[in-house]
Structure formats: C-alpha cells, structure tokens
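Working notes, beginning with the structure itself.
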Amino acid sequence: MSFWDQGFRAVMLSDTSFFRNPHYHEPTDQPDTLDYRRMAQITEALAEVFSTSRGPNP
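Each residue of the sequence shown is one higher than the one before, counting from 1027 in our numbering.
Below, the structure is given as structure tokens:
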C-alpha cells in the first residue's frame, strides 16, 4: 500500500542495496551482512539535508 495513495506525503529513499549486498532478499539476508557504519553515515547526511531544506514550519 502506497503512502501517497492513502493521502500521506512521503519520500522514498533507496540505496539500491541489491547492487551492493548480494544477500538482499535472500535467505542469507541477516543482520550480520549489513554495513551499519555506512547506514549511520547515510542517516546522518539525510537528517542534515532534511533539516536544512524543509523551509519554515507551516
């Protein structure tokens, strides 16, 4: 179910993980195959982008 179809404003972010993680959506797709350091860096960068680009509060 799409958030947009339900009337919610939403943003989809994808890191195209299936290109970088051969375990994506496979039985071997387990927590120990994830790159948590990289995910933290991306999360911090996105938080900065969103906090500086959202404009004034409505």
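Glycine is no exception: its CB is placed at the ideal position from the N, C-alpha and C atoms.
Only a predicted model underlies this, so the values are computations on that prediction, with no experimental measurement involved.
Just tell me which of Asn1047, Gln1032, Glu1052 and Ser1040 has its CA closest to the CA of isoleucine 1068.
Position 42 of the sequence shown, counted from the first residue, corresponds to residue 1068. Looking at the Cα atoms, Ser1040 is the closest of the given residues.
Pairwise C-alpha distance: leucine 1060 and threonine 1054:
Reading the sequence shown from its first residue, position 28 is the one you call residue 1054. Reading the sequence shown from its first residue, position 34 is the one you call residue 1060. Cα to Cα, the separation comes out at about 11 angstroms.
Quick one, which of Ala1036, Phe1029, Trp1030 and Arg1064 has its alpha-carbon nearest arginine 1046's?
Translated into the one-based positions of the sequence shown, residue 1046 becomes position 20. Nearest option by C-alpha distance: Arg1064.
Serine 1043: first and last residue of the uninterrupted alpha helix (DSSP H) it sits in
For the purposes of this step, residue 1043 is taken as residue 17 along the sequence shown, with counting starting at 1. Run containing serine 1043: 1043-1046, per the alpha helix (DSSP H) assignment.
Contacts around tryptophan 1030, its chain only, beta-carbon distance under 8 angstroms, and the 5 residues preceding and following it disregarded:
Position 4 of the sequence shown, counting from 1, holds the residue named residue 1030. Closer than 8 angstroms at the Cβ level, and outside the excluded window around tryptophan 1030, lie Ala1036.
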